[in-house]
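Novice: Pasting in a structure now, in C-alpha coordinates, and then I'll have a few things to ask.
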Amino acid sequence: VLDEEKVLNVYNWSDYIAETLIADFEKEYGIKVNYDTFENNEALHAKLVAGNSGYDIVIPTAGFAKKQIDGGLYQPIDKSKLTNYGNLDPDFMAKIAGVDPENKHLVPWAWGFTTVGINKQKVEKALGGMAMPENAWDLVFDPKYSSKLRSCGIAYLDSPSEILPVALHYVGKPAYSENPEDFKAAREMLMKVRKDVRLFSSTMIDDIASGKACAFIGWSGDINIAADRVKETGGKDEIVPLLPTGGGLVFIDTMAIPKDAKHVNNAHVFIDFYLRAANAAAMANEMNYPTGNKAALPDIKDEVKSNNTIFLGPEDTARLIP
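When we follow the working numbering, the leftmost residue of the sequence shown carries the number 1022, and every step to the right adds one.
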(Lines of atoms letter the chains of each structure in order from A and count residues from 1; the text may use other names and numbers.)
(Lines give C-alpha, C1' and ligand atoms only; values in the text may rest on other atoms or scores of the structure.)
Protein backbone atom coordinates (compact mmCIF):
# COMPACT_ATOMS: atom_id res chain seq x y z
CA VAL A 1 0.00 0.00 0.00
CA LEU A 2 1.44 3.36 -1.06
CA ASP A 3 0.45 6.89 -0.10
CA GLU A 4 -1.42 8.97 -2.65
CA GLU A 5 1.55 11.31 -2.94
CA LYS A 6 4.45 9.28 -4.37
CA VAL A 7 7.11 10.97 -2.25
CA LEU A 8 9.41 9.83 0.57
CA ASN A 9 11.61 12.19 2.60
CA VAL A 10 14.63 10.50 4.18
CA TYR A 11 17.16 11.95 6.66
CA ASN A 12 20.31 9.86 7.11
CA TRP A 13 23.97 10.17 8.11
CA SER A 14 26.33 11.23 5.32
CA ASP A 15 28.21 8.46 3.41
CA TYR A 16 25.91 5.81 4.82
CA ILE A 17 23.92 4.15 2.04
CA ALA A 18 24.63 1.69 -0.77
CA GLU A 19 25.13 3.46 -4.08
CA THR A 20 22.05 2.34 -6.03
CA LEU A 21 19.57 1.72 -3.18
CA ILE A 22 17.57 4.94 -3.68
CA ALA A 23 17.52 4.68 -7.49
CA ASP A 24 16.46 1.01 -7.30
CA PHE A 25 13.65 1.86 -4.88
CA GLU A 26 12.42 4.80 -6.99
CA LYS A 27 12.42 2.66 -10.13
CA GLU A 28 10.51 -0.21 -8.53
CA TYR A 29 7.85 1.84 -6.75
CA GLY A 30 7.65 5.10 -8.71
CA ILE A 31 8.27 7.03 -5.48
CA LYS A 32 10.44 10.17 -5.56
CA VAL A 33 12.92 10.09 -2.68
CA ASN A 34 14.19 13.37 -1.24
CA TYR A 35 17.38 12.43 0.58
CA ASP A 36 19.08 14.75 3.10
CA THR A 37 22.02 14.06 5.41
CA PHE A 38 23.10 15.06 8.90
CA GLU A 39 26.47 14.87 10.64
CA ASN A 40 25.59 13.78 14.18
CA ASN A 41 22.77 12.65 16.46
CA GLU A 42 22.50 16.11 17.97
CA ALA A 43 21.54 17.63 14.59
CA LEU A 44 18.86 14.98 14.08
CA HIS A 45 17.52 15.50 17.59
CA ALA A 46 17.22 19.27 17.10
CA LYS A 47 15.15 18.71 13.92
CA LEU A 48 12.82 16.23 15.63
CA VAL A 49 12.28 18.34 18.74
CA ALA A 50 11.47 21.42 16.64
CA GLY A 51 8.66 19.39 15.00
CA ASN A 52 7.38 19.49 11.41
CA SER A 53 10.72 18.17 10.20
CA GLY A 54 9.05 17.00 6.99
CA TYR A 55 10.85 13.64 7.16
CA ASP A 56 9.20 10.23 6.81
CA ILE A 57 12.23 8.13 7.74
CA VAL A 58 15.17 9.11 9.93
CA ILE A 59 18.20 7.05 11.00
CA PRO A 60 18.92 7.58 14.73
CA THR A 61 21.49 5.65 16.76
CA ALA A 62 19.56 3.30 19.04
CA GLY A 63 21.14 4.51 22.29
CA PHE A 64 20.41 8.13 21.40
CA ALA A 65 16.88 7.31 20.21
CA LYS A 66 15.79 6.26 23.69
CA LYS A 67 15.02 9.81 24.79
CA GLN A 68 13.27 10.45 21.47
CA ILE A 69 11.06 7.39 22.01
CA ASP A 70 10.39 8.46 25.61
CA GLY A 71 9.49 11.92 24.30
CA GLY A 72 6.95 10.49 21.85
CA LEU A 73 8.85 11.70 18.78
CA TYR A 74 8.38 8.45 16.81
CA GLN A 75 5.32 6.49 15.80
CA PRO A 76 5.17 2.71 16.20
CA ILE A 77 6.20 0.58 13.23
CA ASP A 78 3.36 -1.53 11.79
CA LYS A 79 5.16 -4.87 11.49
CA SER A 80 2.20 -6.38 9.60
CA LYS A 81 3.32 -4.21 6.66
CA LEU A 82 6.87 -5.62 6.70
CA THR A 83 7.03 -8.93 4.85
CA ASN A 84 10.82 -9.14 5.35
CA TYR A 85 10.85 -8.46 9.10
CA GLY A 86 11.62 -12.15 9.70
CA ASN A 87 15.04 -11.64 8.07
CA LEU A 88 16.25 -9.86 11.22
CA ASP A 89 18.39 -11.70 13.76
CA PRO A 90 16.34 -12.18 16.99
CA ASP A 91 19.48 -11.86 19.19
CA PHE A 92 20.29 -8.56 17.52
CA MET A 93 16.72 -7.32 17.99
CA ALA A 94 16.94 -8.24 21.68
CA LYS A 95 19.88 -5.78 22.00
CA ILE A 96 17.77 -2.95 20.52
CA ALA A 97 14.86 -3.89 22.80
CA GLY A 98 17.00 -2.57 25.67
CA VAL A 99 16.20 0.97 24.47
CA ASP A 100 13.03 0.21 22.49
CA PRO A 101 10.91 -2.30 24.45
CA GLU A 102 9.22 -4.89 22.20
CA ASN A 103 11.01 -3.31 19.19
CA LYS A 104 8.05 -1.02 18.64
CA HIS A 105 9.76 1.96 16.97
CA LEU A 106 13.19 1.02 15.61
CA VAL A 107 14.28 -1.25 12.73
CA PRO A 108 18.04 -1.83 12.26
CA TRP A 109 19.93 -0.10 9.47
CA ALA A 110 23.55 -1.05 10.22
CA TRP A 111 25.94 -1.19 13.14
CA GLY A 112 29.59 -0.67 13.91
CA PHE A 113 31.81 0.83 16.55
CA THR A 114 33.60 4.06 17.28
CA THR A 115 37.31 3.37 17.52
CA VAL A 116 40.83 4.65 16.87
CA GLY A 117 42.25 4.50 13.37
CA ILE A 118 45.73 5.36 12.20
CA ASN A 119 47.81 6.07 9.13
CA LYS A 120 50.36 3.40 10.02
CA GLN A 121 53.41 4.90 8.29
CA LYS A 122 52.80 8.44 9.54
CA VAL A 123 52.12 7.35 13.12
CA GLU A 124 55.22 5.15 13.28
CA LYS A 125 57.32 8.01 11.92
CA ALA A 126 55.86 10.55 14.38
CA LEU A 127 56.36 8.21 17.34
CA GLY A 128 60.02 7.92 16.31
CA GLY A 129 60.89 4.52 17.72
CA MET A 130 58.42 4.69 20.59
CA ALA A 131 56.40 1.46 20.74
CA MET A 132 52.68 1.54 19.98
CA PRO A 133 50.64 1.54 23.19
CA GLU A 134 48.85 -1.64 24.22
CA ASN A 135 45.57 0.30 24.47
CA ALA A 136 45.10 2.24 21.21
CA TRP A 137 43.00 4.92 22.98
CA ASP A 138 46.28 6.15 24.51
CA LEU A 139 47.25 7.52 21.07
CA VAL A 140 44.45 10.10 21.19
CA PHE A 141 43.92 10.51 24.96
CA ASP A 142 47.39 10.32 26.56
CA PRO A 143 49.67 13.38 26.14
CA LYS A 144 52.71 11.06 26.08
CA TYR A 145 51.53 9.91 22.63
CA SER A 146 49.28 12.74 21.44
CA SER A 147 52.10 15.30 21.81
CA LYS A 148 54.13 13.28 19.29
CA LEU A 149 51.20 12.77 16.89
CA ARG A 150 50.38 16.45 16.92
CA SER A 151 52.86 16.92 14.06
CA CYS A 152 50.88 14.68 11.67
CA GLY A 153 47.46 15.53 13.08
CA ILE A 154 44.83 14.06 15.38
CA ALA A 155 41.14 14.23 14.40
CA TYR A 156 38.13 13.64 16.63
CA LEU A 157 34.61 13.00 15.37
CA ASP A 158 32.59 16.19 15.56
CA SER A 159 29.99 14.53 17.78
CA PRO A 160 29.82 14.94 21.57
CA SER A 161 27.59 11.86 21.89
CA GLU A 162 30.43 9.76 20.42
CA ILE A 163 33.45 11.34 22.13
CA LEU A 164 32.12 11.73 25.68
CA PRO A 165 31.29 8.02 26.26
CA VAL A 166 34.72 6.83 25.09
CA ALA A 167 36.42 9.54 27.16
CA LEU A 168 34.42 8.53 30.25
CA HIS A 169 35.23 4.86 29.68
CA TYR A 170 38.92 5.69 29.23
CA VAL A 171 39.10 7.39 32.64
CA GLY A 172 37.39 4.40 34.26
CA LYS A 173 33.88 5.85 34.53
CA PRO A 174 30.61 4.43 33.14
CA ALA A 175 30.40 5.37 29.43
CA TYR A 176 26.90 6.83 29.78
CA SER A 177 27.32 8.31 33.25
CA GLU A 178 25.26 11.35 34.20
CA ASN A 179 27.36 12.13 37.25
CA PRO A 180 28.96 15.62 37.08
CA GLU A 181 32.06 14.33 38.92
CA ASP A 182 32.62 11.78 36.17
CA PHE A 183 32.26 14.49 33.51
CA LYS A 184 34.89 16.49 35.37
CA ALA A 185 37.36 13.59 35.22
CA ALA A 186 36.76 13.14 31.48
CA ARG A 187 37.09 16.89 30.88
CA GLU A 188 40.41 17.05 32.75
CA MET A 189 41.77 14.23 30.59
CA LEU A 190 40.52 15.84 27.36
CA MET A 191 41.91 19.28 28.26
CA LYS A 192 45.40 17.76 28.55
CA VAL A 193 45.31 16.62 24.92
CA ARG A 194 43.15 19.41 23.46
CA LYS A 195 46.14 21.32 22.04
CA ASP A 196 47.18 18.21 20.11
CA VAL A 197 43.83 17.77 18.31
CA ARG A 198 44.02 19.31 14.83
CA LEU A 199 40.39 19.00 13.79
CA PHE A 200 36.88 18.00 14.80
CA SER A 201 35.65 16.31 11.68
CA SER A 202 32.24 15.59 10.22
CA THR A 203 33.80 14.46 6.92
CA MET A 204 36.12 11.83 8.38
CA ILE A 205 36.44 9.64 5.26
CA ASP A 206 37.75 12.56 3.17
CA ASP A 207 39.92 13.91 5.99
CA ILE A 208 41.60 10.54 6.51
CA ALA A 209 42.00 9.77 2.81
CA SER A 210 43.45 13.21 2.04
CA GLY A 211 45.98 12.92 4.87
CA LYS A 212 44.70 15.73 7.10
CA ALA A 213 45.17 13.50 10.15
CA CYS A 214 47.29 10.47 11.03
CA ALA A 215 45.35 9.33 14.12
CA PHE A 216 41.61 9.66 14.47
CA ILE A 217 38.58 8.74 16.51
CA GLY A 218 36.15 7.55 13.85
CA TRP A 219 33.54 4.98 12.89
CA SER A 220 34.85 1.54 11.96
CA GLY A 221 33.20 1.47 8.53
CA ASP A 222 34.39 4.97 7.61
CA ILE A 223 37.99 4.09 8.47
CA ASN A 224 37.76 1.01 6.24
CA ILE A 225 36.20 3.08 3.42
CA ALA A 226 39.04 5.64 3.72
CA ALA A 227 41.57 2.78 3.56
CA ASP A 228 39.96 1.54 0.33
CA ARG A 229 39.99 5.07 -1.15
CA VAL A 230 43.70 5.49 -0.48
CA LYS A 231 44.40 2.12 -2.17
CA GLU A 232 42.19 2.98 -5.16
CA THR A 233 44.09 6.22 -5.77
CA GLY A 234 47.44 4.40 -5.63
CA GLY A 235 48.42 5.77 -2.20
CA LYS A 236 51.13 3.88 -0.31
CA ASP A 237 49.94 4.70 3.20
CA GLU A 238 48.14 2.02 5.16
CA ILE A 239 44.98 3.19 6.94
CA VAL A 240 44.09 0.82 9.76
CA PRO A 241 41.15 0.72 12.19
CA LEU A 242 42.51 -0.55 15.50
CA LEU A 243 40.77 -2.80 18.00
CA PRO A 244 41.71 -1.19 21.33
CA THR A 245 42.11 -3.40 24.38
CA GLY A 246 40.03 -0.64 26.01
CA GLY A 247 37.17 -1.53 23.64
CA GLY A 248 35.35 0.40 20.94
CA LEU A 249 31.99 2.08 21.49
CA VAL A 250 29.32 0.00 19.78
CA PHE A 251 26.54 1.76 17.90
CA ILE A 252 23.42 0.40 16.23
CA ASP A 253 21.78 2.76 13.76
CA THR A 254 18.11 2.28 13.07
CA MET A 255 15.21 3.40 10.89
CA ALA A 256 12.36 5.23 12.60
CA ILE A 257 9.24 7.08 11.45
CA PRO A 258 8.74 10.55 13.01
CA LYS A 259 5.35 11.09 14.66
CA ASP A 260 4.42 13.82 12.15
CA ALA A 261 5.53 11.91 9.00
CA LYS A 262 3.29 12.59 6.01
CA HIS A 263 4.05 9.48 3.93
CA VAL A 264 3.77 6.65 6.45
CA ASN A 265 2.82 3.93 3.96
CA ASN A 266 5.75 4.82 1.70
CA ALA A 267 8.03 4.74 4.76
CA HIS A 268 6.96 1.17 5.55
CA VAL A 269 7.49 0.14 1.92
CA PHE A 270 11.03 1.59 2.04
CA ILE A 271 11.84 -0.16 5.33
CA ASP A 272 10.62 -3.47 3.90
CA PHE A 273 12.65 -2.87 0.72
CA TYR A 274 15.80 -2.34 2.79
CA LEU A 275 15.12 -5.51 4.78
CA ARG A 276 15.51 -7.62 1.63
CA ALA A 277 18.64 -9.73 2.03
CA ALA A 278 20.36 -8.35 -1.08
CA ASN A 279 19.87 -4.72 -0.04
CA ALA A 280 21.15 -5.21 3.52
CA ALA A 281 24.12 -7.16 2.11
CA ALA A 282 24.97 -4.31 -0.29
CA MET A 283 25.33 -2.00 2.72
CA ALA A 284 27.94 -4.34 4.24
CA ASN A 285 29.73 -4.98 0.93
CA GLU A 286 29.94 -1.33 -0.16
CA MET A 287 30.03 0.59 3.12
CA ASN A 288 31.89 -1.86 5.42
CA TYR A 289 29.16 -1.84 8.07
CA PRO A 290 27.76 -5.15 9.35
CA THR A 291 24.05 -5.82 9.44
CA GLY A 292 21.52 -7.26 11.88
CA ASN A 293 19.86 -8.98 8.91
CA LYS A 294 20.68 -12.69 9.19
CA ALA A 295 19.21 -13.48 5.76
CA ALA A 296 21.82 -11.13 4.21
CA LEU A 297 24.87 -13.08 5.42
CA PRO A 298 25.15 -15.46 2.42
CA ASP A 299 25.23 -12.40 0.10
CA ILE A 300 28.06 -10.66 1.97
CA LYS A 301 31.49 -10.99 0.33
CA ASP A 302 33.98 -13.29 2.05
CA GLU A 303 36.60 -10.53 2.32
CA VAL A 304 34.09 -8.39 4.23
CA LYS A 305 32.91 -11.24 6.47
CA SER A 306 36.49 -12.25 7.27
CA ASN A 307 37.63 -8.68 8.06
CA ASN A 308 37.83 -8.68 11.85
CA THR A 309 37.41 -4.89 12.00
CA ILE A 310 33.98 -5.23 10.34
CA PHE A 311 32.64 -8.52 11.67
CA LEU A 312 34.39 -8.70 15.03
CA GLY A 313 35.70 -11.90 16.60
CA PRO A 314 34.31 -13.02 20.01
CA GLU A 315 37.20 -11.51 22.01
CA ASP A 316 36.84 -8.05 20.47
CA THR A 317 33.04 -8.23 20.65
CA ALA A 318 33.28 -8.94 24.38
CA ARG A 319 35.42 -5.79 24.80
CA LEU A 320 32.94 -3.46 23.10
CA ILE A 321 31.54 -0.66 25.24
CA PRO A 322 27.77 -1.23 25.10
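Think of the CB as a built atom: it goes at the ideal place given N, C-alpha and C, for glycine as much as any other residue.
Give me, in chain order, the residues of the same chain whose beta-carbon lies closer than 6 Å to that of Asp1320; leave out the 5 immediate sequence neighbours on both sides.
Specialist: Ala1298, Ala1299, Ala1302
Novice: Given a cut-off of 8 Å, decide if Ile1238 and Thr1135 are closer than it, judged by their beta-carbon atoms.
Specialist: yes
Novice: In angstroms, rounded to a whole number, what distance separates the CA positions of Ala1277 and Val1214?
Specialist: 37 Å
Novice: On a CA-only basis, which of Ser1222, Ile1244, Val1161 is nearest Met1210? Give me that one, please.
Specialist: Val1161
Novice: Starting from the Cα of Met1050, find the closest Cα among Asp1036, Leu1065, Val1031, Asp1024 and give me that residue.
Specialist: The sequence given here has Tyr at residue 1050, not Met. Checked all of Asp1036, Leu1065, Val1031, Asp1024; the closest Cα to Tyr1050 is Asp1024.
Novice: Could you give the C-beta distance for Ile1338 and Leu1264, rounded to a whole number, given that I count them as a contact under 8 Å?
Specialist: Looking at the sequence provided, one finds Thr at residue 1338 rather than Ile. Not confirmed; about 10 Å, so no contact.
Novice: Taking DSSP as the reference, what is the three-state secondary structure of Asp1110?
Specialist: Residue state, collapsed to three classes: coil.
Novice: Within a Cβ cutoff of 7 Å, which residues of the same chain sit near Ile1184, ignoring the five residues on either side of it in sequence?
Specialist: Tyr1177, Leu1178, Ile1238
Novice: Closest to Ala1147 by CA distance: which of Ile1139, Asn1156, Lys1169 is it?
Specialist: Lys1169
Novice: Alpha carbon to alpha carbon, what distance is there between Val1070 and Trp1130?
Specialist: 22 Å
Novice: Under 7 Å from any heavy atom of the ligand ATP, does the C-beta of Asp1110 make it?
Specialist: With respect to small molecules bound, the structure shown includes none, and the ligand ATP cannot be examined in it.
Novice: For Pro1335, tell me which candidate among Asn1287, His1284, Gly1268, Ala1288 has the shortest Cα-Cα distance.
Specialist: The alpha carbon of Pro1335 has as its nearest neighbour, out of Asn1287, His1284, Gly1268, Ala1288, the alpha carbon of Gly1268.
Novice: Only counting the same chain, and skipping five residues up and downstream in sequence, which positions put a Cβ closer than 6 Å to that of Asp1036?
Specialist: Ile1226
Novice: Taking the continuous beta strand (DSSP E) assigned at Arg1297, which residues delimit it?
Specialist: Note, Arg1297: premise wrong, no beta strand (DSSP E); not H, not E.
Novice: Thinking C-alpha only, which one of His1289, Asp1163, Met1212, Ser1180 is nearest Asp1077?
Specialist: His1289
Novice: To which residues of the same chain is Glu1060 closer than 6 Å at the C-beta, ignoring the five residues directly before and after it?
Specialist: Taken in chain order, the residues that qualify are Ser1223.
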